[in-house]
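Q: Residue numbers (the working numbering), protein chains in the order written: chain A, 201 to 435; chain B, 201 to 435.
All C-beta atoms, glycine included, are put in the ideal place defined by N, C-alpha and C.
Dumping the structure here so I can ask a few things about it.
2 protein chains.
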Amino acid sequence: MFEELRQKGINFPLLTEQIADQIYQFILQRQLAAGGKIPNEFELAQLFHVGRGTVREAIKLLIARNILEIRRGKGTFVCEKPGMVDDPFGFAYTENKLQLVADLVTIRYILEPEISSLAALSASEDEISEMKKIQLIIEELAQNGKDYSNEDIAFHTILAKSSRNMVMPNLIPVIHYGIDLYNHSLKKYETLKALSIHNDIIKAIEARNPDTAKQAMQNHLEFNKTNVKTLLAST
Amino acid sequence: MFEELRQKGINFPLLTEQIADQIYQFILQRQLAAGGKIPNEFELAQLFHVGRGTVREAIKLLIARNILEIRRGKGTFVCEKPGMVDDPFGFAYTENKLQLVADLVTIRYILEPEISSLAALSASEDEISEMKKIQLIIEELAQNGKDYSNEDIAFHTILAKSSRNMVMPNLIPVIHYGIDLYNHSLKKYETLKALSIHNDIIKAIEARNPDTAKQAMQNHLEFNKTNVKTLLAST
């Protein structure tokens, strides 16, 4: 993976890069799972026939790439979500943020009704309880005019998890994160009524009714779509 | 962004991190677009009241994060897809790769028929020509028993671009990349017939018929779904 960086003109000491790459390959080949512990500095230095200083520098590079993390006093571990970054698609750098939000809402409209439908088939009782709990918090925050963005993302992420599709819980927060970049503008259009449809979604999942769950999510997102249209028209 | 790393126990010199963070904020605040040039080392050193060595180290950190790139003899630029990494969701670290592939195929099945439908409304003549060209190459490679994975991803990425949704062209290659992790197993089930449906998709887009384009993509993916089921059943 560092070959590519080198072509871009990056100039880390070659040995550091090579060892970082070897540690990376070592993790992949051993199928070290997320959260798995890697050998210590001394062992890695022996394994790759380099000094401990080089291993230390290589580990820093892998930490910067969200692949490894140091847990103080415990050792060096593969991250829980290795390689995953907060803004993997670089939404923060998009010039036309309004169009970005509109396009992300379109993607929510494509993905989330299907997620809701799958959740009706697969959600555990615990997950349904968790949805209910978060929804109560969201409603209280919204009624008091407070920011409920994080709780809203949490709600939709639990839904994504309960779909039992292992990629959805990574994808959904990223999409919501992008929408939140412009949230201050969307917020004023959001209504308690739109939020209350969360309850319809939960009910349909509890009743194990995928079609109703899908339809409820479509109704919920219909508000968002209208809001984005209003927003795009107003600029 | 480095505060988080610090909490994880990362140990870059504090000043390097701070300056990297300031350069990062500088890019965001000036809304420097993807591909934009940032001030040179000397100017940044003056701006942030630090030595050029510190600026150089900070720039290395930002390069490692795919935010900046050096173009030899030209200067330092914001990456075309800043912050975007090859495997943003860390698919390579997933233990159950077979389930990952099945779940990614499910996501393709949800997203790509809609993309195809949008492409029928928005694809430019140039994009349609490009699809045709790539499809000819794919067919030739497949007929000769050669690997056409990259060309296949290119085909679906052009489709994603021509949907005019700015997120889809980032999302689709990432999903295909994940599927390719297990491609050697899926390949043997893939048939020339499945690939030939690419032509139906192109025809429907050319005829500006969103419903037919959507249906053609569903037909195309139906093969994939069946293949994955066969694969999951065989293990």
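Hey, would you say A:Ala-354 sits closer than 7 Å to A:Ile-372, going by beta carbons?
A: No. Outside cutoff.
Q: For A:Val-278, which of helix, strand or coil comes out of DSSP?
A: strand
Q: Of all the CB atoms in chain A, is at least one closer than 7 Å to the CB of B:Ala-323?
A: no
Q: Locate the beta strand (DSSP E) running through A:Glu-269, then write down its first and last residues.
A: 268-271
Q: Quick one: grab the DSSP three-state call for A:Lys-425.
A: helix
Q: For the alpha helix (DSSP H) containing A:Met-331, list its first residue and its last residue.
A: 325-343
Q: Are the C-beta atoms of A:Met-366 and some chain B residue less than 7 Å apart?
A: yes
Q: Using C-beta distances below 7 Å, list every residue in its chain close to A:Leu-432, excluding the 5 sequence neighbours before and after it, in chain order.
A: Cβ neighbours of A:Leu-432 beyond the five flanking positions: Leu-298 and Ala-302.
Q: Report the neighbours of B:Pro-369 on chain A: residues whose CB is nearer than 9 Å to its CB, in chain order.
A: Going along chain A, no residue has its Cβ under 9 Å from B:Pro-369, so there is no contact; the nearest lies around 10 Å.
Q: So if I threshold CB-CB distances at 7 Å, which residues from the segment 296-309 of chain B count as touching chain A?
A: Gln-299, Leu-300, Asp-303, Leu-304, Thr-306 and Ile-307
Q: Pull up the CB-CB distance for B:Met-417 and B:Pro-313, whole angstroms please, since I reckon it's below 8 Å.
A: 4 Å
Q: Would you say B:Tyr-293 lies against chain A (beta-carbon separation less than 7 Å)?
A: yes
Q: So is A:Pro-228 in contact with chain B if we call contact Cβ pairs under 7 Å?
A: The question names Pro, but residue 228 of chain A in the sequence shown is Leu. Cβ-Cβ to chain B under 7 Å: yes for A:Leu-228.
Q: When you compare the CB of B:Pro-239 with every CB in chain A, is at least one pair closer than 7 Å?
A: It does not: the Cβ of B:Pro-239 has no partner Cβ on chain A nearer than 7 Å.
Q: Between A:Ala-394, A:Gln-218 and A:Ser-349, which has its C-alpha nearest A:Glu-257's C-alpha?
A: A:Gln-218
Q: Determine whether the Cβ of A:Phe-242 lies closer than 7 Å to any Cβ atom of chain B.
A: So no, A:Phe-242 is outside the interface.
Q: Buried or exposed for A:Thr-294, going by 16 or more other Cβ atoms inside 10 Å?
A: buried
Q: Given that a residue counts as buried once 16 or more other Cβ atoms are within 10 Å of its Cβ, and exposed if not, what is A:Glu-351?
A: buried
Q: Answer with buried or exposed for B:Ser-324, where buried requires no fewer than 16 other C-beta atoms within 10 angstroms of its C-beta.
A: exposed
Q: Only counting the same chain, and skipping five residues up and downstream in sequence, which positions put a Cβ closer than 6 Å to that of A:His-420?
A: If we look at A:His-420 and ignore the five residues flanking it on each side, its Cβ neighbours are Ile-397.
Q: How close, in whole Å, do the beta carbons of B:Ile-405 and B:Ala-320 come, if the pair is a contact with beta carbons under 8 Å?
A: 5 Å
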